[in-house]
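*Asks:* One structure, as structure tokens, below. Some questions next.
Number of protein chains: 2
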Amino acid sequence: MVHTPHGSFDTPAFMPVGTKASVKGLLPELVKRTGSQIILGNTYHLMLRPGSDVVAHFGGLHRFMRWDGPILTDSGGYQVFSMSDINRITDDGVVFKSIIDGSTVDLTPERSMQVQNELGADIIMAFDDCPPSAAGEDAGGAHAARLDLAMERTIRWLQRCAASHARPGEQALFGIVQGGTDLDRRRRSVEQVCGIDLPGYAIGGVAVGEGTEEIRRIVEHTAPLLPAERPRYLMGVGYEWDIIMAVRAGVDMFDCVLPTRNGRNANAFTRRGPVRLRNAVHARDKSLIEAGCDCPACGAGFSRGYLRHLFLAEEMLGPILVSLHNIAHFQRLMADARQAVVDDDWARLTADWPVLGGADVAVADDA
Amino acid sequence: MVHTPHGSFDTPAFMPVGTKASVKGLLPELVKRTGSQIILGNTYHLMLRPGSDVVAHFGGLHRFMRWDGPILTDSGGYQVFSMSDINRITDDGVVFKSIIDGSTVDLTPERSMQVQNELGADIIMAFDDCPPSAAGEDAGGAHAARLDLAMERTIRWLQRCAASHARPGEQALFGIVQGGTDLDRRRRSVEQVCGIDLPGYAIGGVAVGEGTEEIRRIVEHTAPLLPAERPRYLMGVGYEWDIIMAVRAGVDMFDCVLPTRNGRNANAFTRRGPVRLRNAVHARDKSLIEAGCDCPACGAGFSRGYLRHLFLAEEMLGPILVSLHNIAHFQRLMADARQAVVDDDWARLTADWPVLGGADVAVADDA
């Protein structure tokens, strides 16, 4: 369990993503009813709109979006590097064009800290240099040089983040380990990042295109190198089998857009694998997404046939209901994983969750 | 109070519109929390998708959409005449092109009854001939002849509806008075329609483009002609001042898309008039949509500034929250109107609801 100024959360924890100060389509009271105890907000989006000064004016992100539990914000770095038209990267930071209005925006370690201090999340993330992963990574050369530079910068930027963090008593700053798919780089990154005393550490740069086996290789190597007495957070992962693999490797915290993004696309998660609710086979299907599920969708008795209708009719309620179900699915997985840790009984977890067989066996039961 | 197989509702009653088996974006439990006791579904949309046979397969509209309170469905006529590419109108019925797939669809009084019997609403509406209102209506001639034909057809079609209605013990069939803006035609239509013994009667063809004074003239003339011991339903009306005028003229039931449609467009209703939440003036506005409001949006403390952010960021939660507030606004107006009926104190209602001064005084407090 992790304690924050806005309450505690059980670990391993799954954080639904509330990118723009809203878990898409979901009232906070409904997010809570999925079993979620902590949510994530995106610094990149919030600094551009409405602006962290505006959020601060409202008393911070918790009060602004009416979520009174713990919140984590990322640093903005990942989105800058993955979404933006970048003008310049220097040792100082990144200059990019806003996706909102095309204006030029500077993001430096100090600025990321200032923005996150204003947003006021309970856990904030270090601003790091995250170069795009490249197929040619193993080929060495220019890309290897870029990765080495990123590692050096990341540690210098982390020092600047720690130095400029204005609210260390209220907001826990986590460092981020990078290093791509190279295990030696990962080890060196752990040594550097964990050399700075911080309340938690994250594994970044995973699930940016690699398959399940590659994710496993990185996580099973890296997670055990992190200090066990601090929360360990695997950023942006992932499918059920990835999460449980990581829990067994020692990871405490997860976030992923899968439950909400797939929910908006009519793809529901179940213990037996995904269900595509747009499929014609569901037109007269009276069954719930998942029998026995107590989420706000299944608990109220919404059938697969009704949900299919909502998606075909382009009714907002479809994305809402399946997002709720999907988040509840991941929260139930985490609850069972916590029990598996207590009991040290992973066979039972796998028996209860056939989907954990992995991508190969996770075929839709309506395929 | 009106009693139905799915419970009772207080009158005067306001019905939120759930066109396609969903009040847009709102879980039924949240609709209920706005104070709504009965909702409306649209036969036209539901017969085209998913089809009334599909809804019947799921046990009817209540079970399909998980709303266990009373439901009213319209006949499909209004949408056929206002939305469709009509191929042919005959004494038998209407042939039109589906907006879903362009296929040819027949809608007759018998077919409308069959569809509504399958949907299974507690109150169903007669299928009538509703020609478009015309600016040249007063000019007589061709349009007058069309209106007379519509009146004759409407009564013949009503007889066919009553004769073919298969579930009169479970579903109350309401007749619809037409007649446009001509008071004599309205009187004759009342005589014809109310000549058929039905559990309720509606005033149709109002609020299809006329102003408040014209609506008042029609309703204050027509409503008192309807039998007082049966529910009287004014279809598709309207703004707060229109509704209260009609309540005082004896109307018991209302439906309107205004709270949900305006809610989706960031226009909030308040006792003092509309508030446009996209306005820049709300960027740092910490106030609720309406102080003292206990709707799921205001009750949870969402500020105007946060709502503005949601709309600018195109987050679904904006339309959801403002729709909830707006429906609650109309339900509170109805609750106060019921009290005004009991107390026979309309001055107090007007004092409590400055917006009732009418369209002229209902300026946004943020204009």
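Top line first, the protein sequences correspond to chains A and B. For the first sequence, the residue numbers in our numbering are 24 to 390. For the second sequence, the residue numbers in our numbering are 24 to 390. By construction, the Cβ of each residue, glycine as well, lies at the ideal position given by its N, Cα and C atoms.
Under 8 Å between C-beta atoms, does residue 332 of chain B make it to chain A?
*Replies:* Counted from its first residue, the second sequence places residue 332 of chain B at position 309. For residue 332 of chain B, the answer is yes, since a Cβ of chain A falls inside 8 Å of its Cβ.
*Asks:* What is the rounded straight-line gap between the Cα of residue 71 of chain A and the Cα of residue 121 of chain A?
*Replies:* In the first sequence, residue 71 of chain A corresponds to position 48, counting from 1. In the first sequence, residue 121 of chain A corresponds to position 98, counting from 1. Taking the straight line from one Cα to the other gives about 7 Å.
*Asks:* Under 8 Å Cβ-Cβ, which residues of chain A neighbour residue 310 of chain B?
*Replies:* As a position in the second sequence, residue 310 of chain B is number 287, starting the count at 1. By Cβ distance, chain A contributes nothing, its closest Cβ being about 11 Å from residue 310 of chain B, past 8 Å.
*Asks:* Identify the contact partners of residue 47 of chain B in chain A, using a Cβ-Cβ distance below 9 Å as the criterion.
*Replies:* Stepping through the second sequence from its first residue, residue 47 of chain B is reached at position 24. By Cβ distance, chain A contributes 338, 339, 340.
*Asks:* Could you check if residue 91 of chain A is buried or exposed, using at least 16 other CB atoms within 10 Å of its CB as the buried criterion?
*Replies:* Looking up residue 91 of chain A in the first sequence gives position 68. Its Cβ having fewer than 16 others within 10 Å, residue 91 of chain A is exposed.
*Asks:* 8 Å is my cut-off, CB to CB: does residue 326 of chain A come that close to chain B?
*Replies:* Taking the first residue of the first sequence as position 1, residue 326 of chain A is located at position 303. For residue 326 of chain A, the answer is yes, since a Cβ of chain B falls inside 8 Å of its Cβ.
*Asks:* Taking Cβ positions only, does residue 300 of chain A come closer than 8 Å to chain B?
*Replies:* On the first sequence, position 277 is the one that residue 300 of chain A refers to. False, the Cβ-Cβ gap to chain B never drops below 8 Å.
*Asks:* Taking the alpha-carbon of residue 288 of chain B as reference, which of B:330, B:325, B:296 has the nearest alpha-carbon?
*Replies:* Counted from its first residue, the second sequence places residue 288 of chain B at position 265. With distances taken between Cα atoms, residue 288 of chain B lies closest to B:330.
*Asks:* Return the CA-CA distance between residue 377 of chain A and residue 312 of chain A, expressed in angstroms with no decimal places.
*Replies:* As a working mapping, residue 377 of chain A is identified with position 354 in the first sequence. As a working mapping, residue 312 of chain A is identified with position 289 in the first sequence. Those two C-alpha atoms are separated by around 16 Å.
*Asks:* Pairs of beta-carbons, one from the segment 134-141 of chain A and one from the segment 181-190 of chain A, closer than 8 Å: are there three or more?
*Replies:* Enough Cβ pairs lie closer than 8 Å, so yes.
*Asks:* Among residues of its own chain, excluding the 5 on either side of residue 275 of chain A, which ones have a beta-carbon nearer than 6 Å to its beta-carbon?
*Replies:* What you label residue 275 of chain A is simply residue 252 of the first sequence in a count that begins at 1. 34, 35, 254, 255.
*Asks:* Could you name the residues of the same chain whose beta carbon sits closer than 8 Å to that of residue 301 of chain B, not counting the 5 residues immediately before and after it, in chain order?
*Replies:* Numbered from its first residue, the second sequence carries residue 301 of chain B at position 278. Correct list, in chain order: 289, 331, 334, 335.
*Asks:* When DSSP builds the beta bridges, which residues end up paired with residue 38 of chain B?
*Replies:* Stepping through the second sequence from its first residue, residue 38 of chain B is reached at position 15. Per DSSP, B:278.
*Asks:* With DSSP as the reference, label residue 28 of chain A as helix, strand or coil.
*Replies:* As a first step, residue 28 of chain A is located in the first sequence; it is residue number 5 there, counting from the start. Coil, per DSSP.
*Asks:* Can you check whether the CB of residue 77 of chain A is closer than 8 Å to the CB of residue 323 of chain B?
*Replies:* By one-based count along the second sequence, residue 323 of chain B stands at place 300. By one-based count along the first sequence, residue 77 of chain A stands at place 54. Contact: no.
*Asks:* List the DSSP bridge partners of residue 67 of chain A.
*Replies:* Position 44 of the first sequence holds residue 67 of chain A. Bridge partners of residue 67 of chain A: none, in fact.
*Asks:* Taking all protein chains shown into account, decide if residue 296 of chain B is buried (16 or more other Cβ within 10 angstroms of its Cβ) or exposed.
*Replies:* Working through the second sequence from its first residue, we reach residue 296 of chain B at position 273. The residue is buried, with at least 16 neighbouring Cβ atoms inside 10 Å.
*Asks:* Applying the criterion that 16 or more other CB atoms from any shown protein chain within 10 Å of the CB defines a buried residue, is residue 282 of chain B buried or exposed?
*Replies:* As a position in the second sequence, residue 282 of chain B is number 259, starting the count at 1. Buried, because 16 or more other Cβ atoms sit within 10 Å of the Cβ of residue 282 of chain B.
*Asks:* When you compare only the Cα positions, how much space is there between residue 53 of chain B and residue 218 of chain A?
*Replies:* Position 30 of the second sequence, counted from the start, is the residue given in the question as residue 53 of chain B. Position 195 of the first sequence, counted from the start, is the residue given in the question as residue 218 of chain A. Taking the straight line from one Cα to the other gives about 50 Å.
*Asks:* What residue range does the alpha helix (DSSP H) around residue 341 of chain B cover?
*Replies:* As a position in the second sequence, residue 341 of chain B is number 318, starting the count at 1. Note, residue 341 of chain B: alpha helix (DSSP H), 340-366.
*Asks:* Among A:328, A:193, A:338, A:355, which has the Cα closest to the Cα of residue 5 of chain A?
*Replies:* Here chain A covers residues 24 to 390 and nothing more, so residue 5 of chain A does not appear.
*Asks:* Can you list the residues of chain B that residue 87 of chain A reaches, using a CB-CB cut of under 7 Å?
*Replies:* One-based indexing of the first sequence puts residue 87 of chain A at position 64. The answer, in chain order, is 329.
*Asks:* If you count every other CB in all the chains shown that lies within 10 Å of the CB of residue 106 of chain B, and 16 or more means buried, which is it?
*Replies:* The residue labelled residue 106 of chain B in the question sits at position 83 within the second sequence. The residue in question, residue 106 of chain B, is exposed, as its Cβ has fewer than 16 Cβ neighbours within 10 Å.
*Asks:* Quick one: does residue 323 of chain B have its CB under 8 Å from some CB of chain A?
*Replies:* Within the second sequence, the letter at position 300 stands for residue 323 of chain B. Answer yes: the Cβ-Cβ gap between residue 323 of chain B and chain A drops below 8 Å somewhere.
*Asks:* Are any of the Cβ atoms in chain A nearer than 8 Å to that of residue 80 of chain B?
*Replies:* Mapped onto the second sequence, residue 80 of chain B falls at position 57. Cβ-Cβ to chain A under 8 Å: yes for residue 80 of chain B.
*Asks:* Determine, using beta carbons only, whether residue 44 of chain A comes closer than 8 Å to chain B.
*Replies:* Stepping through the first sequence from its first residue, residue 44 of chain A is reached at position 21. Answer yes: the Cβ-Cβ gap between residue 44 of chain A and chain B drops below 8 Å somewhere.
*Asks:* What is the DSSP secondary structure of residue 266 of chain A, reduced to helix, strand or coil?
*Replies:* By 1-based counting over the first sequence, the position of residue 266 of chain A is 243. It is helical.
*Asks:* How would you write the range of the alpha helix (DSSP H) that residue 241 of chain B sits in, first residue to last?
*Replies:* The residue labelled residue 241 of chain B in the question sits at position 218 within the second sequence. Unbroken alpha helix (DSSP H) run through residue 241 of chain B: 235-245.
*Asks:* Of all the alpha helix (DSSP H) runs that stay within the bounds of the segment 294-337 of chain A, which reach a length of 4 or more residues?
*Replies:* Entirely contained in the segment 294-337 of chain A, the alpha helix (DSSP H) runs reaching 4 residues are, in chain order, 327-335.
*Asks:* By the three-class DSSP mapping on this structure, what secondary structure does residue 104 of chain B have?
*Replies:* As a position in the second sequence, residue 104 of chain B is number 81, starting the count at 1. Helix at residue 104 of chain B.
*Asks:* Between residue 304 of chain A and chain B, is there a C-beta pair that is closer than 8 Å?
*Replies:* Start at 1 with the first residue of the first sequence, and residue 304 of chain A comes out as number 281. It does not; no Cβ of chain B falls within 8 Å.
*Asks:* Determine, using beta carbons only, whether residue 319 of chain B comes closer than 8 Å to chain A.
*Replies:* Counting from 1 along the second sequence, the entry for residue 319 of chain B is found at position 296. Yes, contact with chain A.
*Asks:* Check whether the segment 36-43 of chain A and the segment 257-277 of chain A are in contact - that is, three or more C-beta pairs closer than 8 Å.
*Replies:* Segments in contact, yes.
*Asks:* Are there any heavy atoms of the ligand MN lying less than 7 Å away from the beta-carbon of residue 169 of chain A, as far as the coordinates show?
*Replies:* Because no ligand of any kind appears in the structure shown, any question about the ligand MN cannot be addressed here.
*Asks:* At a Cβ threshold of 8 Å, is residue 50 of chain B touching chain A?
*Replies:* For the purposes of this step, residue 50 of chain B is taken as residue 27 along the second sequence, with counting starting at 1. Closer than 8 Å to some Cβ of chain A, the Cβ of residue 50 of chain B qualifies, so yes.
*Asks:* Any beta-carbon of chain A closer than 8 Å to the one on residue 56 of chain B?
*Replies:* The residue you call residue 56 of chain B lines up with position 33 of the second sequence. Chain A, which has no Cβ nearer than 8 Å to the Cβ of residue 56 of chain B, makes this no.
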